[in-house]
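Numbering (the working numbering), first residue to last: 13 to 285. For glycine and all other residues, C-beta sits at the position ideal for the given N, C-alpha and C. No experiment lies behind these values; they were computed from the predicted model shown.
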Ligand code: SF4
Ligand code: SF4
Ligand SMILES: [Zn+2]
């Protein structure tokens, strides 16, 4: 396997991965979406709510606020030695909210939540939770836990995780440089340089085939295909974890699952013997 980082910033990562097949890429994508844990509010206790929103709606909105996650300091509730339904300091973080509209109407934002652990906080303090009219108040305690996307989308660490074949674009001698393929391309992949058509931005190609379909030459002067066993893997984190950590966690989980499968096969074999 060969991996090249094409792009990376705090929330996005784009990799070129060669030497794997579609099954591997799809396993990685599914693990990122469904198995890599992150923190989210899982339970809330309403102490006072005089707003017009019902408790359930507020609880639902709280659950969907992405929280900065610390995978090294917290356990998944099912793996925590406390074995308590309520949780302990190793599997639960408490966040408090106490806001009142004293002078006039106000919006309560994610930044109004006060966490017992400053490193487990909403990724942005500008997420609106609810509006309060004059003299209304909201007071609650919320409990965040690690969880997995397969149980609820609020525990999905990514807003997007997808892969595509690495595009291969070939322009043949039959090309008369009419420029139709340039005009039709939605991603501006092609460009006219002097008296020929060149590929300006190969990675942006979506393999839509519009350029090939519009080519007036017979047979077509341009062909677009996906390179076999080469993929562009794109991960967009919700900022709960760095994208590289999400991918390494997914690979660790895949390794663990494969080891479990191997041990199950060995057990079955020895049972037969
Ligand atoms: S549409 Fe076909 S002939 Fe026209 S510039 Fe593109 S590849 Fe060449
Ligand atoms: S396949 Fe689509 S995106 Fe790719 S170069 Fe052709 S028109 Fe552009
Ligand atoms: Zn615990």
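Using the Cα positions of residue i and residue j, report the straight-line distance between them to the nearest angstrom.
i	j	result
residue 179	residue 17	16 Å
residue 93	residue 54	19 Å
residue 258	residue 206	44 Å
residue 186	residue 266	47 Å
residue 64	residue 77	20 Å
residue 110	residue 70	13 Å
residue 90	residue 123	29 Å
residue 97	residue 52	16 Å
residue 137	residue 121	6 Å
residue 149	residue 61	6 Å
residue 236	residue 219	6 Å
residue 241	residue 211	21 Å
residue 261	residue 42	12 Å
residue 276	residue 284	12 Å
residue 75	residue 250	14 Å
residue 164	residue 252	15 Å
residue 234	residue 272	47 Å
residue 116	residue 132	31 Å
residue 100	residue 134	21 Å
Please look up how many angstroms separate the CB atoms of residue i and residue j, rounded, as I've assumed it's under 8 Å.
i	j	result
residue 228	residue 204	Wrong, their Cβ atoms sit about 16 Å apart, outside the cutoff.
residue 169	residue 48	5 Å
residue 107	residue 156	6 Å
residue 183	residue 215	About 17 Å separates the two Cβ atoms, so there is no contact after all.
residue 254	residue 22	7 Å
residue 152	residue 58	5 Å
residue 248	residue 24	5 Å
Relative to the alpha-carbon of residue i, which residue among the options has its alpha-carbon at the smallest distance?
i	options	result
residue 161	151, 173, 153, 154	173
residue 213	221, 200, 224	200
residue 146	44, 113, 222	113
residue 81	91, 127, 269	127
residue 26	134, 149, 15	15
residue 102	135, 158, 116	158
residue 12	208, 238, 246, 24	In this structure the chain extends from 13 to 285, so residue 12 is not present and cannot be described.
residue 3	175, 181, 196	For residue 3 there is no data in the structure shown, the boundaries of the chain being 13 and 285.
residue 231	279, 263, 86, 188	188
residue 79	264, 39, 129, 37	129
residue 142	87, 118, 44, 251	118
residue 31	132, 282, 177, 134	177
residue 196	171, 208, 225, 181	225
residue 11	20, 88, 73	Any answer about residue 11 is impossible in this case: the structure gives the chain only from 13 up to 285.
residue 263	40, 28, 20	40
In chain order, each alpha helix (DSSP H) run of at least 4 residues that lies wholly inside the segment 34 to 77: For the segment 34 to 77, whole alpha helix (DSSP H) runs of length 4 or above, ordered along the chain, are 34 to 46, 67 to 75.
Whole beta strand (DSSP E) elements within the segment 108 to 172, 3-residue minimum: Listed in chain order, they are 118 to 121, 140 to 144, 149 to 159.
Residue list, Cβ distance to ligand 2 heavy atoms smaller than 5 Å: Near ligand 2, meaning a Cβ closer than 5 Å to any of its heavy atoms, lie the following residues in chain order: 197, 199, 201, 217, 218, 220, 222, 223, 236.
Ligand 3 site residues, beta-carbon cut 7 Å against heavy atoms: Residue selection by CB proximity (closer than 7 Å to any heavy atom of ligand 3) returns 87, 89, 92, 93, 94, 96, 99, 100, 102, 103, 104 in chain order.
Secondary structure, alpha helix (DSSP H): runs of 4+ residues fully inside the segment 213 to 242: Counting only runs of 4 or more, we get 222 to 226.
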